[in-house]
Amino acid sequence: MKLQQLEIADVRSIRQASVEPGDGLNLLVGGNGAGKTSVLEALHLLAYGRSFRGRVRDGLIRTGAPALQVFARWTEQDSSRRRQVGLRHAGNEWEGRLDGADVGQLSELCTALAAVTFEPGSHALLSGGGEPRRRLLDWGLFHVEPGFMPVWRRHARALKQRNALLKSGGALAALDAWDGELAAAGELLDRHRRAYVEALEPQVEHWAKELLPELGPAHHAYVPGWRREDLALADALLVSRERDLQLGYTTIGPHRADLQLGFAARPGHEALSRGQSKLAALALLLAQAEDFRARRGEWPLILLDDLASELDRQHRHALLSALVASGAQVFITGTELEALALDPAWPSTVFHVEHGLCGRLDSSSER
Ligand SMILES: Nc1ncnc2c1ncn2[C@@H]1O[C@H](COP(=O)(O)OP(=O)(O)O)[C@@H](O)[C@H]1O
Ligand SMILES: [Mg+2]
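By the UniProt record's numbering, the letter at position 116 of the sequence shown is numbered 116, and the numbering carries on one by one without gaps.
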């Protein structure tokens, strides 16, 4: 996936920006507060329906503007089909267009444009609770398994209904019915996620070795969210029903699933340093990106925010040389070009991001 054009209007401090990215590394350079991260947020928004710094209505729209707009165009690698997505988002309402037609759901845009983002908050993927890891798994499945989205929706709906019933101390007959539905959808969801985690194994091992060789071989495991080795989900729900009724929510099941990542040189659950958490998160993200490429025939966009302050020179070099060799299109932000210490042989395009009157982005040909 290689963007040929990106237009941004009214995203944070950016009034209007027009970028024609290069095929390899795209470097967004500028001072603090210039709007570099905002460019990545705009791309992330098309790919995920939200920013990695929060929802659209929490400040993504430029102050004083009624709505933000993002437009991207690219050509599909295998079919040479020209694709384009456009989004106008006003915080609560939005309008999206995909290849010239209106879309009814934001997820339609997200299906078309795939991006993997590594940013200063990414360490939470490993150091925090399970939610971002479930989202990671589901993002991958969403893109590589066409049947996944309906299953995911069916499970989410059943869980919501069951929780509402538990909260209201609902009728047992209704609870029986939703337990059945939740168990059926949950078993399917579980099967998808388990197969996906298994398929990711070689990629996780590869990227962990590339980025964190000092921790020894990586091993990762899928945690289903209930004692699946002992109980079918329907039985587990029944067993926990009394407790769930007391608490007013569903305490077990695939909404509690998790992905564990461990390293041979870190037996037990010894904590990773913050730097190691970042690298391990990056390994997971790249493993997914590579799996995406293997199944879809092209790389997702790779967005790397503030790379020089996130990774030391050695890790940066390992990462970027692997990405350049892979042929992925990469967007990197940084305050100084020199600090990125790029290899002159790497194909790169530089963009200066400046606050200026209209937050203009100028393509530069200095490299
Ligand atoms: N809703 C908004 N409207 C206008 N300006 C904003 C808004 N939200 C953030 N900003 C400003 O935009 C800039 C944020 O840019 P950012 O992309 O984080 O910069 P960089 O990554 O280059 O440091 C800051 O100067 C911030 O004050
Ligand atoms: Mg920034």
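Idealized CB from N, CA, C, for every residue including glycine.
Between Ala115 and Leu286, the C-beta gap is not smaller than 8 Å, which leaves the two residues out of contact. In the same chain as Arg162, and ignoring 5 residues on each side of it, the C-beta atoms closer than 6 Å to its own belong to Trp178, Leu182 and Thr250, in chain order.
Residue environment analysis places Asn26 among the buried positions, since at least 16 neighbouring C-beta atoms fall within 10 angstroms of its C-beta.
Taken in chain order, the whole beta strand (DSSP E) runs of length 3 or more contained in the segment 1 to 86 are 3 to 11, 14 to 19, 25 to 29 and 68 to 75. Remark: C-beta atoms of Val353 and Val11 do not approach each other more closely than 8 Å.
One alpha carbon belongs to Leu3, the other to Glu76, and they sit about 10 Å apart. Gly91 and Arg73 have their alpha carbons spaced roughly 23 Å apart.
A direct Cα-to-Cα measurement between Glu93 and Leu68 gives close to 11 Å. Closest in C-alpha terms to Pro267, from the list Val144, Leu200 and Leu215, comes Leu215. In the DSSP assignment, Arg154 falls within the unbroken alpha helix (DSSP H) covering Phe148 to Lys167. Minimum Cα-Cα distance from Asp291 among the listed residues Leu137, Asp305 and Ile252 corresponds to Leu137.
Contiguous beta strand (DSSP E) elements confined to the segment 257 to 316 occur at 258 to 263 and 301 to 304, taking only those with 3 or more residues. In this structure, DSSP gives Glu95 an extended state, which the three-state scheme calls strand. Looking at the backbone, the Cα of Ala101 and that of Gly86 are separated by about 10 Å. At a cut-off of 7 Å, the beta-carbon of Ala271 does not count as near ligand 1: no heavy atom of the ligand is closer than that. Nearest in C-alpha terms to Pro344, of all of Gln329, Phe331 and His317, is His317. Assignment of Gly334 by DSSP, reduced to helix, strand and coil, places it in the strand class. In the DSSP assignment, Ser348 falls within the unbroken beta strand (DSSP E) covering Ser348 to Val353. Residue pairing from DSSP places Tyr222 in a beta bridge opposite Leu259.
Ala114 carries a coil assignment under DSSP once its states are collapsed to helix, strand and coil. If you draw a straight line from the Cα of Gly128 to the Cα of Leu259, it is about 12 Å long.
Separation of Ala221 and Arg15 (C-alpha to C-alpha, rounded to the nearest whole angstrom) is 45 Å. Its Cα nearest to that of Pro254, the residue Ala158 stands out among Arg97, Ala158, Gly49 and Ile332. Listed by position in the chain, the residues whose beta carbon lies within less than 7 Å of some heavy atom of ligand 2 are Lys36, Thr37, Asp305, Asp306 and Thr333. Residue pairing by DSSP places Val103 opposite Gly96 in a beta bridge.
Per the C-alpha coordinates, the member of Phe142, Phe263, Thr37 and Lys209 positioned closest to Glu119 is Thr37.
For Gln203, the enclosing alpha helix (DSSP H) stretches over residues Leu172 to Leu211. Of the candidates Gly33, Glu131 and Pro300, the residue whose Cα lies closest to the Cα of Gly225 is Glu131. Approximately 3 Å separates the beta-carbon atoms of Gly22 and Thr349; this is inside 8 Å, confirming the contact. Distance from the C-beta of Arg62 to the nearest heavy atom of ligand 1 is below 7 Å. Rounded to whole angstroms, the separation of the alpha carbons of Leu272 and Leu279 is 10 Å. Pairing Ile8 with Val70 gives a Cβ-Cβ distance under 8 Å.
By the Cβ-count criterion, Asp190 is buried, with 16 or more other Cβ atoms from all chains shown falling within 10 Å of its own Cβ. Glu187 and Leu233 do touch by the CB rule: their CB atoms are close to 5 Å apart, below 8 Å. The C-alpha of Asp312 is placed about 16 Å away from the C-alpha of Ala208.
Under DSSP, Arg88 shares a beta bridge with Gln69 and Glu95.
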